Amino acid sequence: MNTSGNNNPRNRRPEAGNPRAQSHGRHTAHSSGAAAGANNPRANAAAGRNNPRANASQGRASSASRGQALPVMGQSGGHVSNAVLENQAMPASKRKRGKAKKIALGVLAAVLVVAVVGIGFAFAYINKIQSNMSGSVSADTLATLDNVAAGEPFYMLLMGTDGSEARQQSGDFGDSFRTDTMMLLRVDPPQKKVTCVSIMRDTQVNLEGYGLQKINAAHVFGGTELAIKTVSELAGVPIAHFAEIDFDGFEKIVDALGGIEVNVPIAINDSHVDAALEPGLQTLNGVQALSLCRSRHTYDGLGVGDALRAANQRMVIGAIAKKVLSADLPTMMASIEALSQYVTTDMSVQDILALAQSMRGMNMETDFYTAICPTVSDYSNGVWWELLQRHQWEEMMERIDQGLPPTAEDQVDEATGIVIANAGGGAMGDEAQEENAANARKRNHSGKVAVRNGTTVAGLASKADAVISDLGFQVNTGNANSTDYDETVVVYNDDDRKRDAQDIVDELGVGVVEKNNSKYLFDGDLLVVLGTDYDK
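With my numbering, the residue at position 342 of the sequence shown is 345, and numbering never jumps.
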C-alpha cells in the first residue's frame with residue numbers, strides 16, 4: 004500500500020523499674036508493696052480471700068462454688084495433695100520455660116499484628132489504585148460493555164483525548180474533549196497476540212441522535228458510553244473493556260516508565276508539537292513521545308498525515324506494552340500504579356495484573372499486529388471526511404475476529420518508511436504458524452469433518468485427511484463440486500465449532516475460517532474445501 008501522495012488534497016489545508024528483674028525470694032520496695040497491697044489479686048489469692056481454690060483447700064465453700072468444695076489441680080477424691088501450689092516457689096527451669104513461652108507468644112503476636120497491618124496496607128494500596136482508574140466510570144458506561152469469560156479473547160477500545168490541564172484552564176475548549184486517537188484492540192491471552200487497529204478521527208458515522216458526524220465527536224456528545232457504542236457498531240464486534248487518557252497523562256506515563264525505546268522513522272519538525280526529533284532508534288521521554296504521536300504536519304507533502312500519525316501512535320503503544328510486559332512483578336505493579344493515576348478504565352487492578360501476567364513472553368515482533376481502518380478522503384460542503392471502505396473493512400474485521408493479522412502482508416509507506424500495517428512479518432510467519440498448530444494439537448477434538456478437494460490436483464484430500472485425523476476428528480473425503488478454489492476454506496455451522504475450524508486452519512497451515520450462511524451443504528460438523536494454496 005502506497006500512501007505517499009503530493010497530490011492528496013488534504014495536504015493543502017492549514018492547521019529500670021522492672022519488678023521482674025529483681026532476685027526471686029527477696030522483696031524490693033516495689034514487690035513488697037505489691038504483696039502487701041489489699042488490692043493485689045495475687046496477694047488476695049495467697050491469703051485466701053475470695054479465692055475459690057484456697058477456700059476449697061480449707062474445706063469451705065467459696066462464693067464461686069457454694070455447697071461444694073472445688074478440688075485443687077492434682078487432687079484425687081477431693082483430698083488436698085501434699086503440695087500447696089499457691090505457696091510453693093516455682094523451680095528455675097519452669098520459670099525459664101514459662102518465660103520462653105511468653106517470649107514466643109509475644110513474637111507470634113507481633114508477627115500477626117504486622118501481617119494484619121500489612122494486609123490492611125495492601126488492600127488500601129490496591130483500593131487507591133482502583134479508585135484512581137475507575138472512580139469516575141458510570142454505571143451506564145459499564146452497561147455498554149460486553150461480558151467475557153476470563154482467559155478468552157476480547158475487544159478493547161483505547162481512547163486518547165485532546166484534553167490537558169492547560170486546555171482546561173484556558174476555557175477555549177469547553178468541558179468536553181474529542182477523541183483524537185481511537186484504537187480498537189483484540190487481545191488474545193491464550194495465544195499471546197494483540198491486534199491494534201486505528202480508526203481515523205474524521206471517519207464519517209451515523210451518530211445515534213446526532214446524524215452524520217465525525218467519529219471523534221461521539222465522545223463530545225455522549226462521553227465514553229456513546230464512543231464505545233459507536234465503535235462497536237462500526238466494527239460489528241462487542242467491546243468488553245476501555246481505557247482513556249489525555250495529553251498530560253500520556254506524558255507522565257512514559258516518564259513514569261523511564262522512557263520508551265522506539266525507532267523514529269523520519270525527522271519530526273512540526274511547530275504544532277513541543278519537541279523536534281531526529282530519526283533513528285532512541286529512548287523518548289514523555290514530551291517527545293507525545294510529539295511523535297501528535298505530529299501530523301511533519302508529513303505535509305509526503306502523504307496522509309493522519310494515517311502516518313496513527314501508525315506512529317500504534318508503534319508507541321507497542322513500545323509501552325513491551326516495556327510493561329518485560330518487567331518483573333514488583334516493577335510491573337509499580338508501572339500499573341503509575342498508569343492508574345492517569346488512565347480511566349473499567350478494568351480492576353486484579354484484572355490488569357492477571358492480563359499482564361498472562362501476556363508476559365509475548366513476541367512483540369511477530370504477535371503484535373497493526374493496521375488502520377480503510378477509508379478514502381472526501382471534501383464535501385467545506386468539511387473533510389474519511390469515508391469507510393466498507394467491503395475492505397468487513398474483510399479486515401473478519402480476519403481479526405479469527406485471530407489472523409488484519410492484512411495478508413505488511414504495508415509500508417514508500418515515502419517515509421512508516422509501517423501502515425504489520426502482519427507480524429507476513430500473513431503468518433513460520434514460527435507463529437507452528438506455535439498455533441502446536442496449540443491446536445494440545446486441545447481435544449471430536450466430531451465429523453468433510454474434506455473436499457476443490458482443485459484438479461489428485462490426492463489432495465487424502466493428504467489433508469492424515470493431518471486432520473491426527474487432531475482427533477473423524478474424516479471423510481471426496482471432491483468438491485468445483486475445482487477452481489484458490490484458497491482453502493474451513494466452514495462451520497455452530498458457533499461452538501469456530502475454534503475447531505481455526506485449529507484445522509492452523510494445522511493445515513493455510514486457509515480461512517467461514518461461518519456457513521446456507522451457502523454450503525454438507526454432512527458433519529465441519530467442511531474443509533481445499534484450494535490450490537494447500538498444494539504449495
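Where is the CB? At the ideal position from N, CA and C, for every residue including glycine.
Please read these numbers as outputs of a predicted model, since none were measured by experiment.
Query - Secondary structure of Thr373, DSSP reduced to three states - result: strand
Query raised in the report: If you drop the 5 nearest sequence neighbours on each side, which residues of the same chain put their C-beta closer than 7 Å to that of Leu390?
Result: Gln207, Thr378, Val379, Asp381
**Report entry** Environment of Leu305 [buried if 16+ CB atoms lie within 10 Å]
**Finding:** buried
Query raised in the report: Going by beta carbon distance, what residues of the same chain come within less than 8 Å of Arg312, once the five residues before and after it are set aside?
Result: Cys296, Arg297, Ser298, Arg299, Tyr302
**Report entry** Residue from Ser465, Ile403, Ala292, Thr147 whose Cα sits closest to the Cα of Gly262
**Finding:** Ala292
Query - Per DSSP, the bridge partner or partners of His244 - result: Met159
Query - Among Asp498, Leu474, Asn520, nearest to Asp509 - alpha-carbon criterion - result: Ranked by how close their Cα comes to the Cα of Asp509, the residues Asp498, Leu474, Asn520 have Leu474 in first place.
Query - Opening and closing residue of the alpha helix (DSSP H) in which Ala322 lies - result: 308-328
Report task. Decide yes or no for the touch test of the segment 465-473 against the segment 495-511: beta carbon pairs closer than 8 Å, at least 3 of them. Result -> yes
Query - The beta strand (DSSP E) enclosing Ile263, as first and last residue numbers - result: Element bounds for Ile263: 263-267.
Report task. Below 6 Å CB to CB, which residues in the same chain sit around Phe253 once its five sequence neighbours on both sides are set aside? Result -> Short of 6 Å from the beta carbon of Phe253, and not among the five residues preceding or following it, lie these beta carbons of its own chain, in chain order: Leu293.
Requested in this report: Kindly confirm or deny that the segment 278-291 and the segment 151-163 touch, where touching means at least three C-beta pairs closer than 8 Å.
Outcome: Contact between the segment 278-291 and the segment 151-163 is absent, because fewer than three Cβ pairs lie under 8 Å.
Query - Per DSSP, the bridge partner or partners of Gly283 - result: Val267
**Report entry** Residue span of the alpha helix (DSSP H) that contains Glu490, given as start and end
**Finding:** Where Glu490 is concerned, there is no enclosing alpha helix (DSSP H), given that its DSSP letter is neither H nor E.
Query - Alpha-carbon to alpha-carbon, Met318 and Ala324 - result: 10 Å
Query - Cβ neighbour criterion (16 or more within 10 Å) applied to Arg204 - result: buried
Report task. For the alpha helix (DSSP H) containing Leu145, list its first residue and its last residue. Result -> 142-146
Requested in this report: Name the one or two DSSP bridge partners that Glu540 has.
Outcome: This structure gives no information on residue 540, because the portion of the chain shown stretches from 4 to 539.
Query raised in the report: Which class does Ile423 belong to by DSSP, given the choice of helix, strand or coil?
Result: strand
Query - Length of the line joining the Cα atoms of Ile129 and Ser329 - result: For Ile129, the predicted structure reports a pLDDT of 46, less than 50, and the residue's modelled location is therefore unreliable. The matter cannot be settled from this model.
Query raised in the report: In chain order, what residues of the same chain lie with their CB nearer than 7 Å to the CB of Arg363, ignoring the 5 residues before and after it?
Result: Leu328
**Report entry** Whole-Å CB distance - Gly212 paired with Met400, under 8 Å assumed
**Finding:** The Cβ separation is near 25 Å, so there is no contact.
Query raised in the report: Considering only residues of the same chain and omitting the five flanking positions on each side of Asp349, which have a CB-CB separation below 8 Å?
Result: Only Ser137, Val140, Thr144, Leu145, Leu148, His244, Phe245 meet the Cβ criterion.
Query raised in the report: If you draw a straight line from the alpha carbon of Leu210 to that of Trp387, how long is it in whole angstroms?
Result: 17 Å
Query raised in the report: How many Å lie between Ala554 and Ala411 at the Cα?
Result: No statement about residue 554 is possible, as the shown extent of the chain runs from 4 to 539 and does not include it.
Query raised in the report: Should Glu228 go down as buried or exposed, given a rule of 16 or more other Cβ atoms within 10 Å for buried?
Result: buried
Query - Span of the beta strand (DSSP E), counted from its first residue to its last, around Lys196 - result: Where Lys196 is concerned, the enclosing beta strand (DSSP E) stretches over 196-201.
Query - Check whether Arg502 and Leu529 have beta carbons under 8 Å apart - result: No; because the gap between Cβ atoms is not below 8 Å, this pair is not in contact.
**Report entry** Start and end residues, beta strand (DSSP E) containing Ser383
**Finding:** Segment 378-383, the beta strand (DSSP E) holding Ser383.
Query raised in the report: Around the C-beta of Ala322, are 16 or more other C-beta atoms found within 10 angstroms, so that it is buried, or is it exposed?
Result: Ala322 is buried by the Cβ-count criterion.
Query raised in the report: How is the alpha helix (DSSP H) around Arg402 delimited, first residue to last?
Result: 393-404
Query raised in the report: Which class does Val151 belong to by DSSP, given the choice of helix, strand or coil?
Result: Under the three-state reduction of DSSP, Val151 is assigned to coil, being neither helix nor strand.
Query - Neighbour-count burial assignment, Thr486, 16 or more Cβ in a 10 Å radius - result: exposed
Query raised in the report: Ordered along the chain, which non-local residues of its own chain (more than five positions away) have a Cβ less than 7 Å from that of Val234?
Result: Leu160, Met185, Leu187, Ile202, Ile242
Requested in this report: Please classify Leu260: does DSSP put it in a helix, a strand, or coil?
Outcome: DSSP, read as helix, strand or coil, puts Leu260 in coil.
Query raised in the report: According to the neighbour-count rule (16 or more other Cβ atoms, all chains shown, within 10 Å of its Cβ), is Ser457 buried or exposed?
Result: Note on identity: in this sequence residue 457 is Gly, with Ser being the wrong assignment. It counts as buried.
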